[in-house]
């Protein structure tokens, strides 16, 4: 994905966070959000391998072999951080103590189902902590490109890949749109600057509910 | 109970411990065992309110309000002690990490059932940690007077009081005898010095299996 | 993030019918300052989830003596005659729960689990009315998570993010109760600045804590 | 009490068919010294219980690459092509377990529980063949305890009673795996005298630990 698209999505994700929120960012695109936290908003990042208060990458040469995030990358921790074991980490996650989790997706559908861990016949990485995160976080945000590399919509009427969790997604943020998952279906809330309503509808297999007011982001 | 009887039972309990054992002593008579640990045997005492390495009572005036045992009495801790929460404490207990637990009893029966927490119609203290201790410890030792204050046997064919746990008692140590609970029933292993086999049999409602060799203690 | 409030403000948050998971073991590690404020505030019709009903003049025993408790899940009541008397008079509903089971049921709620399978209580009155699950020939009781509205706990130090440390055996049930409150209020001996606690020494991460109260001197 | 042994002695204890709960997360906090000794010893037909299959040249990945593993319960294998290849070739049996569920199932075994009820995995292939328990209208999967013969873990410091501390994110699954081994072997950076660890800083009480191994310098 182009750098400016990543930044745009990252910035839009970051707007979802309130001061004092505890947030878990999945690897890849979701981590981009950390670079766009608005001034005056303090967000505390959890790393599910056992850390609250994950900080930025250390300067080169100052890596600590015992300080990694859930993606395996070297990190630091901020003042007020705490370490704990993996069972406690997932008690935090599954017990709805995390305010928001942001994950990538292969597919999302209009029932809020998420598929992000398995393409049958391809490499099977395993679900890691994703199923627990999606099941337990107070708010589940999916961040992804709107379409796959063949131009096909990743927002479907019904997921075709094995699910990560059923009916748990709250918000979808892509390079084209911001879509809220409600009981009645998918509400189109925002469109990326420069795109038309028609562009988004055409790029989306799922039915979209179009409210009177759709903002630009 | 007379002091010398308490000491006799305490000393006999203490003989059950091997060097390096982790032991939980119930309140009352079982704590007497701590005073009789043989030279050269190191036993580490757990207190189920969250301590491994419970030590003796502090000298008067040196009590710490945050240092109690499960009976509420002030204690100290030994070098090598550790503090933990109550869930971890009972994970230790129920997970069979405790080598031996010693508890008092109202009744024990020949199937290894124990009743030690409730007399219907009387005060109901609650089971506290007793049910977990009896269920989880590797070896469950009951320490008590052989008969109640009316002279009635506390070792029965079948417990009549509400049970603490079913079939979990391994050894019964009283002021009259040491009795092992096996699949076939109760083996009389030892008789208190000065008593006859007949004394013990008469004082015991349960059937006793009398092996060829019965020692004195 | 946490807010530092007064004991009276804490007591005022708690409404009739609320379920309170309260830390402490025979009043050691009990949040006495919050309890005293509740007694003063006159909270009523409380459900308490506690290891023990403590002493009549210490710990949650004070809530009982002042007739503020309508029901309790508790493992030990041997040190408090008031709760026995109220139970016998039908003024208080008691569910006796083995201590280890109580801790797992409270932890389960905090950890988003529906319950746990335990061998403790099999063949006793604790098993009455409960589902027995057999796994590879071994029986277990299905014990369900215990929900709570508030956790009221006592810790030693807190930083301003709510990270907590405890002191000796006053730790006991407090870290578990702390996980389980929809709202967790921690009474502490000392509040320090962010960064003053070593991340390794934190026992309860601040994410579990909503409010801090400074303990009265005692 | 614990015994201090050599890495080779540890490897020699482990027999074909044994179930090993091994600590670490993407090889951080993995007991590398024990793993290397096992590779050298040529242990075979192992079942491993791990968060991740790590890297081909780090952590439990080395056991996989050397074809020592016949089956695994694991939550993440994305960093190790060897385990994917062996799985596709039918050389290794894999049960994929959500990471939080894996930790609870391992903890359950160590804590004497038969299992736990979790919402994680409902409506996914993880739920296939499992019992669903409905409590107050909410569904949960019944997930059973995962037994293990050995726990192989990495800690930072140990005293001679086996009390352990950890370092930063190298803590991860280690304290949970430590609870669950019928025999627990801890590899540590440093062994100190009894009394040198503050009772408040101990994360894994020595009761869970049977053997200590000093880690190779790395």
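Chains as they are written, first to last, in the working numbering: chain A, 1 to 217; chain B, 218 to 434; chain C, 435 to 652; chain D, 653 to 870. We put the beta carbon where it would ideally sit given N, CA and C, even for glycine. Owing to the predicted nature of the structure, the values given are computational and were not obtained by experimental measurement.
Closest by C-alpha distance to residue i, when choosing among the options
{"i": "residue 578 of chain C", "options": "D/754, D/803, D/802, D/788", "result": "D/788"}
{"i": "residue 655 of chain D", "options": "D/814, D/783, D/824", "result": "D/814"}
{"i": "residue 172 of chain A", "options": "A/145, A/196, A/195, A/163", "result": "A/145"}
{"i": "residue 612 of chain C", "options": "C/483, C/478, C/510", "result": "C/483"}
{"i": "residue 675 of chain D", "options": "D/821, D/826, D/720", "result": "D/826"}
{"i": "residue 735 of chain D", "options": "D/752, D/757, D/709", "result": "D/709"}
{"i": "residue 752 of chain D", "options": "A/129, A/167, A/207", "result": "A/129"}
{"i": "residue 869 of chain D", "options": "D/653, D/824, D/662, D/842", "result": "D/842"}
{"i": "residue 542 of chain C", "options": "A/108, A/115, A/111, A/95", "result": "A/95"}
{"i": "residue 148 of chain A", "options": "A/45, A/205, A/39", "result": "A/205"}
{"i": "residue 259 of chain B", "options": "B/275, B/331, B/270, B/376", "result": "B/270"}
{"i": "residue 303 of chain B", "options": "B/414, B/264, B/385", "result": "B/264"}
{"i": "residue 505 of chain C", "options": "C/628, C/523, C/550", "result": "C/523"}
{"i": "residue 155 of chain A", "options": "A/11, A/45, A/64, A/208", "result": "A/208"}
{"i": "residue 387 of chain B", "options": "B/407, B/223, B/318", "result": "B/318"}
{"i": "residue 866 of chain D", "options": "D/844, D/852, D/754", "result": "D/844"}
Which residues DSSP lists as bridging residue i, in chain order
{"i": "residue 621 of chain C", "result": "C/588, C/647"}
{"i": "residue 707 of chain D", "result": "D/710"}
{"i": "residue 179 of chain A", "result": "A/172, A/188"}
{"i": "residue 655 of chain D", "result": "D/863"}
{"i": "residue 677 of chain D", "result": "D/680"}
{"i": "residue 415 of chain C", "result": "Here chain C covers residues 435 to 652 and nothing more, so residue 415 of chain C does not appear."}
{"i": "residue 102 of chain A", "result": "A/25, A/141"}
{"i": "residue 721 of chain D", "result": "D/698"}
Within chain A, partners of residue i - CB distance below 9 Å
{"i": "residue 730 of chain D", "result": "123, 124, 125, 126, 128"}
{"i": "residue 613 of chain C", "result": "88, 91, 92, 95, 97"}
Exposed unless 16 or more other CB atoms sit within 10 angstroms - verdict on residue i
{"i": "residue 440 of chain C", "result": "exposed"}
{"i": "residue 781 of chain D", "result": "exposed"}
{"i": "residue 495 of chain C", "result": "buried"}
{"i": "residue 432 of chain B", "result": "exposed"}
{"i": "residue 539 of chain C", "result": "buried"}
{"i": "residue 588 of chain C", "result": "buried"}
{"i": "residue 126 of chain A", "result": "buried"}
{"i": "residue 99 of chain A", "result": "buried"}
{"i": "residue 367 of chain B", "result": "exposed"}
{"i": "residue 354 of chain B", "result": "buried"}
{"i": "residue 294 of chain B", "result": "buried"}
{"i": "residue 352 of chain B", "result": "buried"}
{"i": "residue 511 of chain C", "result": "buried"}
{"i": "residue 188 of chain B", "result": "Shown here, chain B extends from 218 to 434; a query on residue 188 of chain B therefore has no answer."}
{"i": "residue 766 of chain D", "result": "buried"}
{"i": "residue 684 of chain D", "result": "buried"}
{"i": "residue 233 of chain B", "result": "buried"}
{"i": "residue 501 of chain C", "result": "exposed"}
Amino acids of chain C, ordered along the chain, whose beta-carbon sits closer than 7 Å to that of residue i
{"i": "residue 232 of chain B", "result": "None at all; the shortest Cβ gap to chain C is about 28 Å."}
Under 7 Å from the C-beta of residue i: neighbouring residues of chain D
{"i": "residue 616 of chain C", "result": "In chain order: nothing, as chain D lies at least about 16 Å away."}
Partner residues on chain C for residue i, Cβ-Cβ distance less than 8 Å
{"i": "residue 52 of chain A", "result": "639, 640, 641"}
{"i": "residue 150 of chain A", "result": "Simply none; closest approach about 38 Å."}
{"i": "residue 780 of chain D", "result": "What residue 780 of chain D touches in chain C: nothing, since even the nearest Cβ is about 18 Å away."}
Contact set between residue i and chain A, taken where Cβ atoms lie within less than 7 Å
{"i": "residue 595 of chain C", "result": "80"}
{"i": "residue 822 of chain D", "result": "66"}
Closer than 9 Å at the beta carbon, the chain D residues around residue i
{"i": "residue 311 of chain B", "result": "763, 764, 765"}
{"i": "residue 294 of chain B", "result": "851"}
Neighbouring residues, chain C, relative to residue i (Cβ below 9 Å)
{"i": "residue 326 of chain B", "result": "The contacting residues do not exist; residue 326 of chain B stays about 12 Å from chain C at best."}
{"i": "residue 785 of chain D", "result": "548, 549, 565, 567, 576"}
Amino acids of chain B, ordered along the chain, whose beta-carbon sits closer than 9 Å to that of residue i
{"i": "residue 654 of chain C", "result": "Outside the displayed range of chain C (435 to 652) lies residue 654 of chain C, so it cannot be described from this structure."}
Residues that residue i contacts on chain D, provided the C-beta gap is smaller than 8 Å
{"i": "residue 239 of chain B", "result": "859"}
Beta-carbon neighbours of residue i, restricted to chain A and to distances below 8 Å
{"i": "residue 819 of chain D", "result": "66"}
Beta-carbon neighbours of residue i, restricted to chain B and to distances below 8 Å
{"i": "residue 653 of chain D", "result": "236, 237, 259"}
Neighbouring residues, chain B, relative to residue i (Cβ below 7 Å)
{"i": "residue 460 of chain C", "result": "285, 289"}
Against chain D: residues of the region 542-560 of chain C by CB proximity under 9 Å | Of all residues in the region 542-560 of chain C, 542, 545, 546, 547, 548, 549, 550, 551, 552, 553, 554 have a Cβ within less than 9 Å of some Cβ in chain D.
Chain A contacts from the region 787-816 of chain D (Cβ-Cβ distance under 8 Å) | none
Could you please tell me which residues of the region 622-639 of chain C, in chain order, have their CB closer than 7 Å to any CB of chain A?
-> 628, 629, 633, 634, 636, 639
Please list the residues of the region 32-51 of chain A that have a C-beta atom closer than 9 Å to any C-beta atom in chain D, keeping them in chain order.
-> 47, 48, 49, 50, 51
Just by C-beta distance, which residues in the region 147-171 of chain A are closer than 8 Å to chain D?
-> 162, 163, 164, 165, 166, 167
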